[in-house]
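J.: Please find one structure pasted underneath; my questions will follow.
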Amino acid sequence: MSGLLANKLSIITGAGSGIGKATCKIFSREGACVIAADKNIQSALNIKNEISNINENKHSAFELNVCDKSSLENVLNSIVNDYNKPPSIVVNCAGITKDNFLLKMSEQDFDDVINVNLKGTFLMMQTFANAMVAAKQQGSIVNIASIVGKTGNIGQVNYTASKSGVEAMTRTASKEFGKFGVRVNAVLPGFIISPMTDTVPDKVKQMIIAFNALRRFGQPEEIGEVIAFLASSRSSYINGASIEVTGG
Numbered sequence: 001m002s003g004l005l006a007n008k009l010s011i012i013t014g015a016g017s018g019i020g021k022a023t024c025k026i027f028s029r030e031g032a033c034v035i036a037a038d039k040n041i042q043s044a045l046n047i048k049n050e051i052s053n054i055n056e057n058k059h060s061a062f063e064l065n066v067c068d069k070s071s072l073e074n075v076l077n078s079i080v081n082d083y084n085k086p087p088s089i090v091v092n093c094a095g096i097t098k099d100n101f102l103l104k105m106s107e108q109d110f111d112d113v114i115n116v117n118l119k120g121t122f123l124m125m126q127t128f129a130n131a132m133v134a135a136k137q138q139g140s141i142v143n144i145a146s147i148v149g150k151t152g153n154i155g156q157v158n159y160t161a162s163k164s165g166v167e168a169m170t171r172t173a174s175k176e177f178g179k180f181g182v183r184v185n186a187v188l189p190g191f192i193i194s195p196m197t198d199t200v201p202d203k204v205k206q207m208i209i210a211f212n213a214l215r216r217f218g219q220p221e222e223i224g225e226v227i228a229f230l231a232s233s234r235s236s237y238i239n240g241a242s243i244e245v246t247g248g
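Numbering (full-length UniProt numbering), first residue to last: 1 to 248.
Shown next as C-alpha cells:
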C-alpha cells in the first residue's frame, strides 16, 4: 500500500461529519487504516463503509463520547485487541457549538462546549498518548482549534475560549510528549462549510465572505489535507505548531 500514511493506524474523532468525515476519506486515500469514532455510531459506520471502497485496510467504527474517560478507555482497549497496537495517529475533530451572547449564555451551554471541545481533546491526548508511550511507539496528534480562538467572535464566548485552550494545550503537550517521539500540532480553520456552520444566517455568511481574501468559505477537504500532512512523516520536524487555514 502506497501513500502518505501507508498502513498507519489512525483514530479520528468527530468522524461522522464535516472535517472529521473529510479527513477519514483523505487518510484512506493516503493508505491509512482508519478508526472512525463519533458519538453517533451510525454516522461512524456510514463513513467506515464508504472508505472501505477506497483501500483494503481493516477500517473500523466506534461510538465514542470524548467527555467520558471510560468511553475512551473502552475504545482504546478494543482497538488494541483488534490491531495488537494503539493508533499512532490521533486526530481530534470532535466539537460542538452552543452560541449566544455572553450576557445571555447559560452556564450549561458554556460547560457543554468546554467539556466537548477542550476537556474532550485533553482526555483523548492523555489516553492515547499514554498508550503510545507504553508501546514505545512514535506518533502524531493533530488537534482542531479555530482561528476565532485567536480573534474572538461575537456570540461564541464559550467556543472561542475552548478553541484558544486547545491551541495552548497543544503547545504544552508538544513539549511534554516530544521526548517520546510523539508530535502534537494544531490546525486553526477559518469559516469552513460543515453542519456546524449551516445554522449561520446568510447575511452573516456574506459579511464573512466580504472580509476573506479569497472571497469564499473553505471546504472540509482543505482542512483534511493539512491534517494528513501533519500526521505524516513529511512534517517530522513540525511540533507544537498552529497552522492557520483561513483563506486569508
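A virtual CB, placed ideally from N, CA and C, is assigned to each residue, including glycine.
Do three or more CB pairs link the stretch 105-112 to the stretch 50-60 at distances below 8 angstroms?
T.: No contact exists between the stretch 105-112 and the stretch 50-60.
J.: Given Thr170, which residues of its chain have a CB within under 6 angstroms of its CB, disregarding the five upstream and five downstream residues?
T.: Residue 170 sits at position 170 when you count from the first residue of the sequence shown. Cβ neighbours of Thr170 beyond the five flanking positions: Asn143, Val184 and Ala186.
J.: Can you name the start and end residues of the beta strand (DSSP E) that Ser140 belongs to?
T.: Here the question's residue 140 lines up with position 140 in the sequence shown. Start and end: Gly139 to Ile144.
J.: Beta-carbon separation of Ile96 and Pro86 under 9 angstroms?
T.: Stepping through the sequence shown from its first residue, residue 96 is reached at position 96. Stepping through the sequence shown from its first residue, residue 86 is reached at position 86. Their beta carbons are not under 9 angstroms apart, which means Ile96 does not touch Pro86 by this criterion.
J.: When we look at the beta-carbon of Gly248 and count the other beta-carbons within 10 Å, is it buried (16 or more) or exposed?
T.: By 1-based counting over the sequence shown, the position of residue 248 is 248. Gly248 should be labelled exposed.
J.: Give me whichever residues DSSP pairs with Phe62 in a beta bridge.
T.: As a working note, residue 62 is residue 62 in the sequence shown. Bridge partners of Phe62: Ala37.
J.: Going by DSSP in three states, Glu244 sits in which element: helix, strand or coil?
T.: Start at 1 with the first residue of the sequence shown, and residue 244 comes out as number 244. Residue state, collapsed to three classes: strand.
J.: Applying the criterion that 16 or more other CB atoms from any shown protein chain within 10 Å of the CB defines a buried residue, is Ile227 buried or exposed?
T.: Reading the sequence shown from its first residue, position 227 is the one you call residue 227. Buried, by the Cβ-count rule.
J.: Secondary structure at Leu9, three-state DSSP: helix, strand or coil?
T.: Numbered from its first residue, the sequence shown carries residue 9 at position 9. DSSP places Leu9 in strand when its eight states are reduced to three.
J.: Looking at Asp38: is its Cβ nearer than 9 angstroms to the Cβ of Ala44?
T.: Stepping through the sequence shown from its first residue, residue 38 is reached at position 38. Stepping through the sequence shown from its first residue, residue 44 is reached at position 44. Taking 9 angstroms as the Cβ cut-off, Asp38 and Ala44 qualify as a contacting pair.
J.: Would the beta-carbon of Phe62 fall within 9 angstroms of that of Ala129?
T.: Position 62 of the sequence shown holds residue 62. Position 129 of the sequence shown holds residue 129. Contact: no.
J.: Are Pro201 and Ile19 close, meaning C-beta to C-beta below 9 angstroms?
T.: For the purposes of this step, residue 201 is taken as residue 201 along the sequence shown, with counting starting at 1. For the purposes of this step, residue 19 is taken as residue 19 along the sequence shown, with counting starting at 1. No, Cβ-Cβ distance for Pro201 and Ile19 is not below 9 angstroms.
J.: Does the distance from the C-beta atom of Ala231 to that of Lys69 stay below 9 angstroms?
T.: Position 231 of the sequence shown, counting from 1, holds the residue named residue 231. Position 69 of the sequence shown, counting from 1, holds the residue named residue 69. Against a cut-off of 9 angstroms, the Cβ pair of Lys69 and Ala231 comes out as no contact.
J.: Spatial neighbours of Glu244 within its chain, please: C-beta separation below 7 angstroms, excluding the five flanking residues on both sides.
T.: Locating residue 244 in the sequence shown gives position 244, counting from the first residue. Cβ within range, chain order: Ile147 and Leu188.
J.: Within 10 angstroms of its Cβ, does Lys136 collect 16 or more other Cβ (buried), or is it exposed?
T.: Within the sequence shown, residue 136 is the residue found at index 136, counting from 1. With fewer than 16 other Cβ atoms within 10 Å, it is exposed.
J.: To the nearest angstrom, how far is it from the Cα of Leu64 to the Cα of Ala22?
T.: Residue numbering aside, residue 64 sits at position 64 when the sequence shown is read from its first letter. Residue numbering aside, residue 22 sits at position 22 when the sequence shown is read from its first letter. Taking the straight line from one Cα to the other gives about 18 angstroms.
J.: Tell me which residues share the same chain as Gly155 and place their Cβ nearer than 8 angstroms to its Cβ, disregarding the 5 neighbours each side in the sequence.
T.: Stepping through the sequence shown from its first residue, residue 155 is reached at position 155. Excluding residues within five positions, the ones whose Cβ falls inside 8 angstroms are Asp99, Asn100 and Phe101.
J.: Are the beta-carbon atoms belonging to Cys93 and Ala15 less than 9 angstroms from one another?
T.: If you number the sequence shown from 1, residue 93 lands on position 93. If you number the sequence shown from 1, residue 15 lands on position 15. Contact: yes.
J.: Suppose the cutoff is 6 angstroms on Cβ atoms and the five residues either side in sequence are ignored; what does the same chain contact list for Ser242 look like?
T.: What you label residue 242 is simply residue 242 of the sequence shown in a count that begins at 1. Once the five neighbours on either side are set aside, the close Cβ partners of Ser242 are Glu167, Ala186 and Leu188.
J.: Which residue comes first and which comes last in the beta strand (DSSP E) that contains Leu188?
T.: In the sequence shown, the residue the question calls residue 188 occupies position 188. Val182 to Pro189 is the span of the beta strand (DSSP E), which, as asked, contains Leu188.
J.: Ignore the nearest five residues each way along the sequence and tell me which others in Arg215's own chain have a CB closer than 7 angstroms to its CB.
T.: Counting from 1 along the sequence shown, the entry for residue 215 is found at position 215. Same-chain partners within the cutoff: Ile209.
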